[in-house]
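Given below as structure tokens:
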């Protein structure tokens, strides 16, 4: 669903990050200002930029640099970490292998998930069991990405504390049994640029909403490819702003909020001649969490339950197993 907006707000989350996990955070005026801004952004656009996030610019850039180096490698090198059902859908996928709305997406990617041990969730989790497949080249790829994942998890967890307060709940709403052991996802993506005399490129990733809670996008500077759809049907460019991440809310937050917050359709169209890289971190519920409208959100919607209970792992597996052409 789109909303009536024409730009994407920028939120300085540093006051929230400074006070997270402290007993008096809910009374701090700086925190409350961030909470109000998050509430408006989630209600109106479903997208926002975060600045003041505390992740070093040098690491943000290095992550994109090693991503570009990997995608520059010959196909024979990249396919050494090929994704398949046997790898728990982790690893490299070739151009056009990802499917959205029944059509191949014009991107290549490495898909990563929180590692899952054999038998961790019994037969329920078997589809997603496995460890991430990291390339040997570039040599520092694995170490950089694992450091980045650790920082992204913590940033997303703290932003979710602010979103919990914005919904009217306690800051720990999305900790513990809901998302305290987030089954996070990270997609490391490359989008080819325009070729030859082409004026318009194929869609890099067609219109969709994200599966989980909160998405943080680290994208190339100077290439305007990420587009967000508003209520009028206009596609608004989520341009790269140095020092920020683009954030958007996902389907599971829609259910937990009972529709107070709804995700917004977005897509990627790279009409630049330059190859575009994007490293996208998805902060998700626990794999075995049953997601259903929160009581305090139902109270705000006249007690009406707008969305039915869904187990996140089941929701994810349905999506993943129909998303690829192998």
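Numbering (the working numbering), first residue to last: 865 to 1190. No residue lacks a Cβ here, since even glycine has one placed at the ideal position from N, Cα and C. Note that this is a predicted model, so its numbers are computed, not measured.
### Task
Determine, using beta carbons only, whether residue 913 and residue 1046 come nearer to each other than 8 Å.
Counting from one through the chain shown, the residue named residue 913 turns up at place 49. Counting from one through the chain shown, the residue named residue 1046 turns up at place 182. In this structure, the beta-carbon distance from residue 913 to residue 1046 does not fall below 8 Å.
### Task
Let me know the secondary structure DSSP gives residue 1179 once reduced to three states.
Residue numbering aside, residue 1179 sits at position 315 when the chain shown is read from its first letter. Residue state, collapsed to three classes: helix.
### Message
I'd like to check one pair, residue 927 with residue 1053: are the Cβ atoms closer than 8 Å?
### Response
Sequence index remark: in the chain shown, residue 1053 carries index 189 (1-based). Sequence index remark: in the chain shown, residue 927 carries index 63 (1-based). No, they are not a contact pair.
### Query
Where are the beta strand (DSSP E) runs, 3 residues long or more, that stay fully inside the stretch 1035-1112, in chain order?
At a cut-off of 3 residues, the continuous stretches assigned as beta strand (DSSP E) that sit fully inside the stretch 1035-1112 are 1049-1055, 1067-1072, 1078-1083, 1090-1093 and 1099-1101.
### Task
May I ask whether a heavy atom of the ligand GTP can be found less than 7 Å away from the beta carbon of residue 1057?
Of ligands this structure carries none, so the ligand GTP is not represented either.
### Task
Could you give the DSSP three-state label for residue 946: helix, strand or coil?
Here residue 946 corresponds to residue number 82 of the chain shown, with the count starting at 1. Reduced to three states, the DSSP call for residue 946 is strand.
### Message
So the candidates are 1115, 1030, 1096 and 1083; which of them puts its Cα closest to the Cα of residue 904?
### Response
Taking the first residue of the chain shown as 1, we reach residue 904 at position 40. Selected option, being the one with the closest Cα: 1030.
### Task
With distances taken Cα to Cα, identify the nearest neighbour of residue 1126 among 1116, 1135 and 1133.
Taking the chain shown and counting its residues from 1, one reaches residue 1126 at position 262. For residue 1126, the nearest C-alpha among the options comes from 1116.
### Spatial distance of residue 1067 from residue 985 (CA atoms)
The residue labelled residue 1067 in the question sits at position 203 within the chain shown. The residue labelled residue 985 in the question sits at position 121 within the chain shown. The alpha-carbon atoms of residue 1067 and residue 985 are separated by roughly 36 Å.
### Inside the stretch 968-1017 only - beta strand (DSSP E) runs reaching at least 3 residues
Counting only runs that start and end inside the stretch 968-1017, the beta strand (DSSP E) elements of at least 3 residues fall at 972-977.
### Message
I'd like to know if the stretch 1129-1143 and the stretch 1087-1094 are in contact, where contact means that at least 3 CB-CB pairs between them fall below 8 Å.
### Response
Taking 8 Å as the limit for Cβ pairs, the verdict is that the stretch 1087-1094 does touch the stretch 1129-1143.
### Message
Relative to the C-alpha of residue 1151, which candidate in 990, 909, 969 and 879 has its C-alpha closest?
### Response
As a first step, residue 1151 is located in the chain shown; it is residue number 287 there, counting from the start. Taking only the C-alpha atoms, the option nearest residue 1151 is 990.
### Task
Express the C-alpha separation of residue 937 and residue 911 in angstroms, rounding to a whole number.
Walking along the chain shown from the start, residue 911 turns up at place 47. Walking along the chain shown from the start, residue 937 turns up at place 73. Cα-Cα distance, rounded: 33 Å.
### Message
Rounded to whole angstroms, what is the Cα-Cα separation between residue 979 and residue 993?
### Response
Position 115 of the chain shown, counting from 1, holds the residue named residue 979. Position 129 of the chain shown, counting from 1, holds the residue named residue 993. For residue 979 and residue 993, the distance between alpha carbons rounds to 7 Å.
### Task
Classify residue 895 as helix, strand or coil using the three-state DSSP reduction.
Taking the first residue of the chain shown as 1, we reach residue 895 at position 31. Of the three classes helix, strand and coil, the one that applies to residue 895 here is helix, per DSSP.
### Task
Reducing DSSP to helix, strand and coil, say where residue 1171 ends up.
For the purposes of this step, residue 1171 is identified with residue 307 of the chain shown, where counting begins at 1. Coil at residue 1171, not helix or strand.
### Task
Could you tell me if residue 1028 is buried or exposed, where buried requires 16 or more neighbouring beta carbons within 10 angstroms of its beta carbon?
Residue mapping note: residue 1028 aligns to position 164 of the chain shown, counting from 1. Per the 10 Å Cβ criterion, buried.
#### Entry: Beta-carbon spacing of residue 1230, residue 1074 below 8 Å
Since the first residue shown for the chain is 865 and the last is 1190, residue 1230 is missing from the structure and cannot be characterised.
### Task
Return the CA-CA distance between residue 1063 and residue 1135, expressed in angstroms with no decimal places.
Residue numbering aside, residue 1063 sits at position 199 when the chain shown is read from its first letter. Residue numbering aside, residue 1135 sits at position 271 when the chain shown is read from its first letter. A caution first: residue 1063 carries a pLDDT of 49, below 50, which makes its placement in the model unreliable, though a value can still be read off. For residue 1063 and residue 1135, the distance between alpha carbons rounds to 7 Å.
### Message
Quick check on this structure: which residue in 1104, 1102, 1118 and 1161 has the alpha carbon closest to the alpha carbon of residue 1078?
### Response
The residue given as residue 1078 occupies position 214 in the chain shown. Residue 1078 has its Cα closest to that of 1118, out of 1104, 1102, 1118 and 1161.
### Message
Taking its Cβ as the centre, do 16 or more other Cβ atoms sit within 10 Å of residue 923, making it buried, or is it exposed?
### Response
Here residue 923 is taken as the residue at index 59 of the chain shown, counted from 1. The residue is exposed, with fewer than 16 neighbouring Cβ atoms inside 10 Å.
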